[in-house]
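K.L.:
Mind looking over this structure? Questions follow.
Residue numbers (the UniProt record's numbering): 1 to 202.
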């Protein structure tokens, strides 16, 4: 009886080899000139698992050396709870940053609220407040998120800074609340709760 020779691969890294269930040296795997695992054209014995979720699962495929094919069968295993929590926190950060970059609408104009924009708004608001204190003039030609010019005097610049701060603080607080919820679910070892957790921002 011919012994089947398999390589089990998780996230593009070989984790073990099997010949009829016994481990064998990794150096027997076919590799390219750079030493990377050689990929043959995809042939499948079964379809990709529809319930696979990269945030919650790891996917292994078997590389059948004799048939020179990949994805001969699938092995889907749950990520450990800390891994799931880390991926959810990364997603929260990404959504937070995107919302700040998308910005907010104030007085008929859309303004960005990413870190660089917030620094620029705050810096000019400080200049505006100083101008008011010194009874000096302040005028700013601002370019909004839609590349439209906006003329701002000192009062308007300070008001824009206040609006930007309220918007930014709200998004950051929502992100923090999501992360606190993820930490609580992780501490209670609630894997089902993590899988069902919905990340929404208002």
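We treat Cβ as the ideally placed atom computed from N, Cα and C, and that holds for glycine.
Please read these numbers as outputs of a predicted model, since none were measured by experiment.
Could you pull out every residue in the same chain whose Cβ sits closer than 7 Å to the Cβ of residue 113, ignoring the five residues on either side in sequence?
P.N.:
If we look at residue 113 and ignore the five residues flanking it on each side, its Cβ neighbours are 100, 103, 104, 164, 167, 168.
K.L.:
Go ahead and pull the three-state DSSP assignment for residue 104.
P.N.:
It is a strand residue.
K.L.:
Would the region 116-128 and the region 172-180 be scored as touching if the rule is three or more Cβ pairs under 8 Å?
P.N.:
Result no; under three Cβ-Cβ pairs closer than 8 Å.
K.L.:
Pairing CB atoms from the region 128-137 with CB atoms from the region 181-197, are three or more of them under 8 Å?
P.N.:
Touching, no.
K.L.:
For the alpha helix (DSSP H) holding residue 175, just list the boundary residues, first then last.
P.N.:
Start and end: 154-187.
K.L.:
Once DSSP output is grouped into helix, strand and coil, what is the label at residue 81?
P.N.:
Reduced to three states, the DSSP call for residue 81 is helix.
K.L.:
Taking the alpha-carbon of residue 157 as reference, which of 174, 126, 171 has the nearest alpha-carbon?
P.N.:
Among 174, 126, 171, the Cα nearest to that of residue 157 belongs to 126.
K.L.:
Between residue 88 and residue 170, what straight-line distance do the alpha-carbon atoms span, to the nearest angstrom?
P.N.:
Taking the straight line from one Cα to the other gives about 20 Å.
K.L.:
Taking the alpha-carbon of residue 153 as reference, which of 174, 183, 172, 121 has the nearest alpha-carbon?
P.N.:
Looking at the Cα atoms, 121 is the closest of the given residues.
K.L.:
Tell me the DSSP secondary structure of residue 151 in three-state form.
P.N.:
Note: residue 151 maps to strand in three-state DSSP.
K.L.:
Can you tell which of 161, 172, 186 has the C-alpha that lies nearest to the C-alpha of residue 128?
P.N.:
Checking every option, the nearest Cα to that of residue 128 belongs to 161.
K.L.:
When the distance is taken between beta carbons, is residue 95 closer than 8 Å to residue 201?
P.N.:
Against a cut-off of 8 Å, the Cβ pair of residue 95 and residue 201 comes out as a contact.
K.L.:
Starting from residue 143 and walking both ways along the beta strand (DSSP E), at which residues does that stretch end?
P.N.:
Here the beta strand (DSSP E) through residue 143 covers 139-143.
K.L.:
Given that a residue counts as buried once 16 or more other Cβ atoms are within 10 Å of its Cβ, and exposed if not, what is residue 147?
P.N.:
Counting Cβ neighbours within 10 Å, residue 147 comes out exposed, since fewer than 16 surround it.
K.L.:
Within 10 angstroms of its Cβ, does residue 123 collect 16 or more other Cβ (buried), or is it exposed?
P.N.:
So residue 123 counts as exposed.
K.L.:
Take the Cβ of residue 92 as the centre, count every other Cβ of all protein chains shown within 10 Å, and call the residue buried at 16 or more, exposed below.
P.N.:
It is buried - the Cβ of residue 92 has at least 16 other Cβ atoms within 10 Å.
K.L.:
Rounded to whole angstroms, what's the CA-CA distance from residue 150 to residue 110? Just pull it up for me.
P.N.:
The alpha-carbon atoms of residue 150 and residue 110 are separated by roughly 10 Å.
K.L.:
Quick check on the burial criterion: 16 or more other C-beta atoms within 10 angstroms. Buried or exposed for residue 186?
P.N.:
When all chains shown are included, residue 186 counts as buried.
K.L.:
Compare the Cα-Cα distances from residue 159 to each of 106, 98, 84 and report the closest residue.
P.N.:
Of 106, 98, 84, the residue nearest in Cα terms is 106.
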